[in-house]
Structure formats: C-alpha cells, structure tokens
Amino acid sequence: MVKRVLRTTTLPLLLLPLLLPLPDETGAQREPRRRAAPAAPKPPGKGGCCEEVRALKVQLANVSSQLEELARKQEEEVRSLLRQVLDLDQKSRLQEARVTEAESKFSELNGHVEIIRLQASQAATQTSADANYDCASLYNKNYKISGEYKLPADMFLGTPELQVYCDMETSGGGWTVIQRRKVGLTSFDRDWKQYKRGFGTTRGDFWLGNDNILRLTQQPTVLRIELEDWEGEKRYAEYQHFSLGNELNSYRLLLANYSGTAGQDSMRYHNNTNFSTKDKDNDKCVDKCAELRKGGYWYNCCTDSNLNGVYYRYGEHTKSTDGITWYGWHGPNYSLKRVEMKIRPQNFQS
Ligand SMILES: [Ca+2]
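The sequence shown runs -28 to -1, 1 to 322 under mature numbering (1 follows the signal peptide of the UniProt record, and there is no 0).
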C-alpha cells in the first residue's frame, strides 16, 4: 500500500500508461485523474485518502510517540515522588526517634530535679534521730521517684553520708538497692576491703558495701532479688527475713521465708554462711570458692547462686561456672543479663 501511494504521487502523469499493466494498479491509475481538480471534495473510498491516511498515520505515530514520552516522564516523576515520600518517611521516623530519646532524657532530668528540690526542702527536717534512714523512710516522706538519693550521715552510728539508688516503683517501692549487674564493665572480683566499703556507681553496676548493708538492716528487713535472662524474661526471689552479722562475724548471712518466681530457692544453700572474698576464705569448702567463682559472696561449697560472679555477654554466657548464676532457674552454666538486690523494712507500707 505504501509503495503504491509513493508511485502515484511521485511519478509524472506521462508515465502512468507504463504503470497500467501492473496487475494491482487499477485503483492507483484512477486516482491521479480525480486529483487533477484540487478544489473538488475528496470522496471516500479505496485509495482516495491515501495521502491523508499517510499524514494521519504520521500524526498518529507522532502523537503516540509523544504519549509514550509523556508516560515515560510521568512514570519518572511518580518514581521521583515515591523516592521523596520514602525519604521523608525515613526522615520523620528518625525525627520521631530523636524526639522520644529527648523526651526520656527530659523526664529523667526532671525526676532528678524533683528529687533535689524535695531533698532541699526537707533537709532541715532530717536529723540523726532518723536512725533507720533509708529509701523506705524517704518514700514515706513523699519521695516517690526512683533514682539516686543521699542518705544523711548518722551521728549516733557514726556513719557517713551515703549515696543510694531507690526503687520507688517495684512492688510498692521503698527499696534501697544494694547490688546491681547490668552493664558488665565493673569487675566484682574484689578484695575484703572493697566489699566492706562498696564499689561501682549507683546508676550502673555496684555493691553498696557490707558495712552499709549492715547499717540498713538494723530493723527486720525484706530482701528482693530480681533476675533477667538473655531472652528478656524476668524472675524474682523474695525473703521476708534478711540480716547480716557484723564484720567480726564475717557478715554471716541469715535468710528466711522465700517466695517468688525464680524456681528453686538458690539462696537457701548460702544461708548461715560467712562472706568470702579472694583474700578471705571463709567458705565451708576445701577449695577457695571466691577464687573459683571470682566474686565476693556467702560461699558454701561453693554455689547454688553466684550473683557477684563474672559478667558474661550473650554468646559467652553459657560457657563458664564463674558467671552470674542462679541454679534454680537456668542452672550452673548460665550467666544472667541483669540482677538487682534490694531491701526494705518488713513493716513498710506503701
Ligand atoms: Ca575454702
């Protein structure tokens, strides 16, 4: 068809007779004659609109290529928009995370400020008459935010000012935290003197000190032990009676009335035993348990729990026997992720 159109339009009329014999040129032969009168309307019919068709086809081709181009551009724009949307979404998420972080820091600071304000306003009322001054008495004086507090020096007992961490939320609050393991950077493989005075930081990992624990347990005291494993599961053990002997009695441990969710009571085995450190072997064993278990503790022969043991990280936490263990829950080879020991008076009421 295209060939035919080309011939009829480009060859001069004189050559038309030569083209007549071509078997399929009958329509083409008539065509030029009609076209001799350009003003006459072009009738529809076979070959009558070839040029128009051609032009239309060209137009159509142009239009469709334009359309294609447009569609391509549109697609590109959509893609670019999508990219922008994704980008914005990511940015907004990041922003959100930052806001959350800032909010939590703000609330922590706020809590700290509130504690300082309360302590300042009540400093005048704190006297050495508060012989049993602790987190429980602070709670009863309306300090109900968990955090660091300073217990005043006790002239009567001759004890200095003491920095403590109070848990004012768990199970009614009023708890003075005496031990924490959660960061793992503070070594608990320390000597007698260090366990006597205490070490670490009250916001992180620490041992409050045997003398300080002794000072805080001069009235009937409850001990609560909180444990967390590497799967994030939490358990606790509570003893309605907890007391220590003095230093001459090697801070001998007395515990009674276990309750809680920590499986088999793993402190009972340590009841009525003396405190041992690597430089003072007071255990009930031929071995030196403090050396074997790398901590200071009320070792028997040696352990059913080792809460002052070595902090092992995930992956390393099942490979040793000197880790932070609680046999009644995870056995002798599982070092826990987090431990907190805290005390409060038996007669505490929130
Ligand atoms: Ca021994």
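Idealized CB from N, CA, C, for every residue including glycine.
Item                                                                                                                              : Value
Enclosing alpha helix (DSSP H) for Trp164 [first to last residue]                                                                 : 164 to 169
Among Phe128, Ser159, Asp177, Gln38, nearest to Gln151 - alpha-carbon criterion                                                   : Asp177
Beta-carbon contacts of residue 346 that lie in its chain and below 8 Å, excluding the five residues immediately before and after : For residue 346 there is no data in the structure shown, the boundaries of the chain being -28 and 322.
Residue environment, Phe160, which counts as buried when at least 16 other CB atoms sit within 10 Å                               : buried
Contiguous beta strand (DSSP E) assignments of at least 3 residues, all confined to the stretch 190 to 222                        : 193 to 200, 206 to 216
Limits of the unbroken alpha helix (DSSP H) element including Trp301                                                              : 299 to 302
Span separating the alpha-carbon of Asn319 from that of Leu123                                                                    : 20 Å
First and last residue of the uninterrupted alpha helix (DSSP H) at Asp183                                                        : 182 to 188
Rounded C-alpha distance that separates Glu200 from Ala262                                                                        : 23 Å
Any chain C beta carbon closer than 8 Å to Gln191                                                                                 : Chain labels in this structure do not include chain C; a single protein chain is all it has.
Where Leu(-11) falls, given that 16 or more other Cβ within 10 Å makes a residue buried                                           : Unreliable positioning characterises Leu(-11) in this predicted model, as indicated by a pLDDT of 41, which lies under 50. The coordinate reading is nonetheless provided below. It is exposed - the Cβ of Leu(-11) has fewer than 16 other Cβ atoms within 10 Å.
Ile296 vs Arg153 beta-carbon contact at 8 Å                                                                                       : yes
Reference Phe214, options Glu203, Glu205, Leu226, Arg207, closest by Cα                                                           : Leu226
Counted within 10 angstroms of its Cβ, other Cβ atoms place His242 as buried (16 or more) or exposed                              : buried
Inter-residue CB distance, Cys273 and Asp251 (contact presumed, cutoff 8 Å)                                                       : With 8 Å as the limit, Cys273 and Asp251 do not qualify as a contact, their Cβ atoms being about 19 Å apart.
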